[in-house]
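Following the numbering used here from start to finish, the sequence shown increments by one per residue and tops out at 115. Glycine included, each C-beta is placed from N, C-alpha and C at the ideal position. I have placed the structure first, in the form of structure tokens, so that the comments after it can refer back to it.
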Amino acid sequence: ILSIPVLRRVGSYGPVTAEFISKGLTAQPDSDYILLNGSITFQHGQTLNYINVSIVDDTESEFNEIFELQLTGATGGAILGAQLIARITIAKSDSPNGVVRFINQSAITIPNPNSTLRLTLFVERADGLLGDAT
-18 ILSIPVLRRV GSYGPVTAEF ISKGLTAQPD SDYILLNGSI TFQHGQTLNY INVSIVDDTE
42 SEFNEIFELQ LTGATGGAIL GAQLIARITI AKSDSPNGVV RFINQSAITI PNPNSTLRLT
102 LFVERADGLL GDAT
């Protein structure tokens, strides 16, 4: 769970509510993150609250993905401040650039360290989405 802080500034008298929505940019709601549009309530004297977002951990190789939270309204006498949008980046996961490894080689034995021997090792790139691997 990702907890995004929301501040109540200037005053803290009485209960107030702030409404919010989410907007997927490169991240998709329900497949990359789970958040229902809604509201958070600040009780009398409370100046800090959180919007909780569940990040979906899947097995897909993905690069960084972005979504936004936007405060859209306030009730109880509160007004919205200047900073209304929070941009959240979900870090890349599950090796989107691939995994490079040797194929079928767990150990190599050289019979005489003073001799010349040419070895052929095979390398593979497993998984990954894009780009060359060198």
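Assuming residue i contacts residue j under a Cβ cut-off of 8 angstroms, what Cβ separation, rounded to an integer in Å, is found between them?
i: Ser74; j: Glu43; result: 6 angstroms
i: Ile(-18); j: Asn33; result: 5 angstroms
i: Ser3; j: Asn18; result: 6 angstroms
i: Asp108; j: Val80; result: 6 angstroms
Which residues in the same chain have their Cβ closer than 7 angstroms to the Cβ of residue i, if we skip the five residues on either side of it in sequence?
i: Glu105; result: Arg82, Ile84
i: Phe23; result: Arg(-11), Pro(-4), Val(-3), Asn30
i: Leu132; result: The first residue shown for the chain is -18 and the last is 115, placing residue 132 beyond what the model contains.
i: Gly57; result: Gly(-5), Pro(-4), Val(-3), Thr(-2)
Going by alpha carbons, who is nearest to residue i out of the options?
i: Pro(-14); options: Gln64, Asp108, Ser96, Glu46; result: Gln64
i: Val(-9); options: Pro10, Ile36, Ala59; result: Ala59
i: Thr7; options: Thr97, Ile91, Arg68; result: Arg68
i: Phe103; options: Asn45, Thr40, Ile89; result: Ile89
i: Ser(-16); options: Gly54, Leu16, Pro10; result: Leu16
What separation, rounded to the nearest whole angstrom, lies between the Cα atoms of residue i and residue j?
i: Glu66; j: Phe48; result: It should be pointed out that residue 66 corresponds to Ile in this sequence rather than to Glu. In a straight line, the C-alpha of Ile66 is about 10 angstroms away from that of Phe48.
i: Asn93; j: Leu100; result: 14 angstroms
i: Tyr14; j: Ser20; result: 17 angstroms
i: Val37; j: Leu50; result: 17 angstroms
i: Pro117; j: Gly54; result: Given that the chain is displayed from residue -18 to residue 115, the structure contains no residue 117 and the question cannot be resolved.
i: Arg96; j: Glu41; result: Going by the sequence as given, residue 96 is Ser instead of Arg. Cα-Cα distance, rounded: 47 angstroms.
Only counting the same chain, and skipping five residues up and downstream in sequence, which positions put a Cβ closer than 6 angstroms to that of residue i?
i: Ser(-7); result: Gly26, Thr28
i: Leu52; result: Ala(-1), Phe1, Leu61, Leu65
i: Gly5; result: Phe48
Return the chain-ordered list of same chain residues with a C-beta closer than 8 angstroms to the C-beta of residue i, the five sequence neighbours on each side being excluded.
i: Asn45; result: Thr7, Thr70, Ile71, Ala72, Lys73
Every unbroken alpha helix (DSSP H) within the region -7 to 32, with a cutoff of 4 residues, ordered by chain: none
Whole beta strand (DSSP E) elements within the region 32 to 82, 3-residue minimum: 46 to 56, 66 to 71
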